[in-house]
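Peer 1: Below are the structure tokens for one structure; questions will follow.
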């Protein structure tokens, strides 16, 4: 009998029990799972420690030294001293049987360790052949994540970004550098992009939080009266989509777009609807999501009540005037925690990934409809010929447009082989669109702009070519409207009643949280008068503080309504909380606590009246629905 089989009998049951108790999500991932036993075979090293033979085609290798895996890992930990010396946290790529993780913790006991194992099969082998408990129950291990999926990587990285304070080092097991060299490079790139994206997300949420809160709450009644976009899923399979932006190239191609109308789903992304209607061209679908006043100005002087209109609840609440339009539909962003909570959204609802540009939302709408080929026109992401918008788009002041063009000092390659002036904002929108394209490899994207920026992972195709390519797809003028009328479903009465009850409950809980907030501010005022030599009084104060603090941050209304809008301040609190709790001097502990929570308390105080007033407004608006 092979030694690996003996080891399997020794450790599997204990490891699974441990994972079930300490790492329940990983336990669910590995329980009852099987791995390729021909590719991964356990073997005993000369010193008696378990090792792993990896069979990759004709090539065979050992994960560790065949003589002393532990010693090999210890020497490796010494070799990365320069990489981790100045770091407070270490992210380790590769867990294997845990030797390198243990070596890092032995060599650097003051550092927190974050472990990422990309290969589920290796973990399954480790469950059988190695005792995982000494490593994974060590308090230095802050996070353990498993899986090569991009969603797993991003979740891990976001968790790290939310919690760490100080520098982080990135190291990889030597065997993994050989086996997963490309994946490690991609992971390192993902780390950088996630860090930048996370900071952008925090900045965006903080900047728009007052407007988003008002919009989401005031659009709730609209959500209950409009139709769900979900029922249109795959209803346009076999039909291409043309996503129309408001860039200068749109004006050059308007007549060709008119011909394309009976051969594709014409989707306007935001303000381009102004230009289309000016030219007498009605699109099949309007998609809009922008929260700002400028988006309200897009729709203030045009009538779109007879055009299918898909909105995201973060849209400016005054942008939609056609309250009772039979063509009004809703979808939701995954980050919209407030709507998720109030409506108890599920996988049966149309939920899109949040996007910095309405183009990204329009792409997801087209994919939801079942369109496998998507054409861009007017998505110029630059200022060709020093133009900002195509003719007819007039929701931004002329002075603002001229200033933006004058300050555009960057350049981007255009589809004609030259370069256009652009700026950082335009490039960020371009990159956001390209990121959306990248995660949809099953969709073919074309760029039809004759003068706009080159868009990565798109193929250039003129609208003339598209007209010929899709000439067999002729349809009646109102075919898409009829589709919306036939398939679009209103919100069921049961859900309306649930939402009405939740609105009422949330109003009551907001009022209750307001009382707790006053108590907390009173306590903080008391704290300012406590003296360093009165440790007993400070200790008693902390007892009262903990009760009030838990009332606030553990309450459902805080977690489900306030928290999303306070992500910057919550991150600050989370990063500093442990240091405060570990402080043994009571007066210094009090000082650290105030530094830790005061920004969050001030942010709660800022958002409280906004949430309270808008929920009162919403409650009055939906009273009529309670009789429906």
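In this note's numbering, the protein residues as written are -6 to 621.
Even glycine gets a Cβ: it sits at the ideal position worked out from N, Cα and C.
By the DSSP assignment, the beta strand (DSSP E) with residue 464 in it spans what residues?
Peer 2: Careful: residue 464 lies outside any beta strand (DSSP E) and carries neither H nor E.
Peer 1: When burial is assigned at 16 or more other CB atoms within 10 Å of the CB, is residue 313 buried or exposed?
Peer 2: buried
Peer 1: Where does residue 640 sit, in a helix, a strand or coil, going by DSSP?
Peer 2: This structure cannot settle anything about residue 640, because the visible part of the chain is limited to -6 through 621.
Peer 1: In whole angstroms, what is the alpha-carbon distance linking residue 224 and residue 346?
Peer 2: 18 Å
Peer 1: Helix, strand or coil for residue 339? Go by DSSP, reduced to three states.
Peer 2: Coil.
Peer 1: If you drop the 5 nearest sequence neighbours on each side, which residues of the same chain put their C-beta closer than 8 Å to that of residue 204?
Peer 2: 284, 285, 309
Peer 1: Taking the alpha carbon of residue 214 as the reference point, which residue from 290, 311, 32 has its own alpha carbon closest?
Peer 2: 311
Peer 1: Which term fits residue 582, buried or exposed, when burial requires 16 or more other beta carbons within 10 angstroms of its beta carbon?
Peer 2: Per the 10 Å Cβ criterion, buried.
Peer 1: Which residues mark the beginning and the end of the beta strand (DSSP E) in which residue 161 is found?
Peer 2: Per DSSP, residue 161 is one residue of the beta strand (DSSP E) stretching across 161 to 165.
Peer 1: Excluding the 5 residues preceding and the 5 following residue 516 in the sequence, name in chain order all residues of the same chain whose CB lies nearer than 8 Å to its CB.
Peer 2: Excluding positions up to five away in sequence, the list reads 534, 537, 538, 541.
Peer 1: Which same chain residues end up closer than 7 Å to residue 353 when comparing Cβ atoms and leaving out the 5 residues on each side of it in sequence?
Peer 2: 425, 426, 429
Peer 1: With a CB to CB cut of under 6 Å and the five nearest residues on each side skipped, what residues in its chain are close to residue 388?
Peer 2: Caution applies to residue 388, whose pLDDT of 49 falls short of 50 and renders its modelled position unreliable; the value that the coordinates give is listed next. 264, 287, 290, 291, listed in sequence order.
Peer 1: Can you list the beta strand (DSSP E) stretches of 3 or more residues lying completely in the segment 14 to 62, in chain order?
Peer 2: 33 to 37, 43 to 49, 52 to 55
Peer 1: Could you please give the first and the last residue of the uninterrupted beta strand (DSSP E) stretch that includes residue 135?
Peer 2: First-last of the beta strand (DSSP E) with residue 135: 134 to 139.
Peer 1: Could you name the residues of the same chain whose beta carbon sits closer than 7 Å to that of residue 98, not counting the 5 residues immediately before and after it, in chain order?
Peer 2: 106, 131, 133
Peer 1: Count Cβ pairs between the segment 77 to 96 and the segment 157 to 166 that sit closer than 8 Å; are there 3 or more?
Peer 2: yes
Peer 1: Determine which residues share a DSSP beta bridge with residue 551 and list them.
Peer 2: According to DSSP, which records beta bridges pairwise, residue 551 is partnered with nothing at all.
Peer 1: How many angstroms separate the CA atom of residue 112 from the CA atom of residue 87?
Peer 2: 8 Å
Peer 1: Check the Cβ-Cβ distances between residue 78 and every residue of chain C, and say whether any is below 8 Å.
Peer 2: As a matter of chain content, chain C is missing from the structure shown, which is built from one protein chain.
Peer 1: Taking only the alpha-carbon atoms, compute the straight-line gap between residue 28 and residue 118 and give it to the nearest angstrom.
Peer 2: 7 Å
Peer 1: What is the C-beta distance between residue 328 and residue 438, in whole angstroms, given that I count them as a contact (C-beta under 8 Å)?
Peer 2: That belief does not hold up - the Cβ atoms of residue 328 and residue 438 are roughly 24 Å apart, past 8 Å.
Peer 1: Give me the residue from 333, 208, 350, 351 with the minimum Cα distance to residue 343.
Peer 2: 333
Peer 1: Do the CB positions of residue 202 and residue 500 come within less than 8 Å of each other?
Peer 2: No, the pair does not count as a contact, with Cβ atoms beyond the cut-off.
Peer 1: So, for residue 605: in the same chain, excluding its five sequence neighbours on each side, which residues have a beta-carbon less than 6 Å away from its beta-carbon?
Peer 2: 503
Peer 1: If we ignore side chains and look at the alpha-carbon of each, how far apart do residue 576 and residue 531 end up?
Peer 2: 13 Å
Peer 1: What is the C-beta distance between residue 47 and residue 56, in whole angstroms, given that I count them as a contact (C-beta under 8 Å)?
Peer 2: 6 Å
Peer 1: Can you look up residue 414 in the DSSP assignment and give me helix, strand or coil?
Peer 2: strand
Peer 1: In the DSSP assignment, what are the bridge partners of residue 367?
Peer 2: 234, 438
Peer 1: Threshold first: 3 residues or longer. Then list the beta strand (DSSP E) segments lying entirely within the segment 192 to 279, N to C.
Peer 2: 234 to 237, 258 to 262
Peer 1: Does the beta-carbon of residue 151, which I'm using as the reference point, lie nearer than 7 Å to any heavy atom of the ligand GTP?
Peer 2: Looking for the ligand GTP in the displayed structure turns up nothing, as the structure carries no ligands at all.
Peer 1: Rounded to the nearest angstrom, what separates residue 96 and residue 64 at their Cα positions?
Peer 2: 9 Å
Peer 1: Cβ of residue 475 within 8 Å of Cβ of residue 509?
Peer 2: no
Peer 1: Just to check my reading of the structure: residue 521 and residue 445 have Cβ atoms closer than 8 Å, yes? What is that Cβ distance to the nearest angstrom?
Peer 2: At roughly 58 Å, the Cβ-Cβ gap does not stay under 8 Å, so residue 521 and residue 445 are not in contact.
Peer 1: Would you call the CB atoms of residue 253 and residue 460 closer than 8 Å?
Peer 2: yes
Peer 1: Can you give the beta carbon distance from residue 250 to residue 261, rounded, assuming they're within the 8 Å contact cut?
Peer 2: Actually they do not touch by this definition, with Cβ atoms about 11 Å apart.
Peer 1: If you reduce the DSSP assignment to three classes, tell me which class residue 575 lands in.
Peer 2: coil
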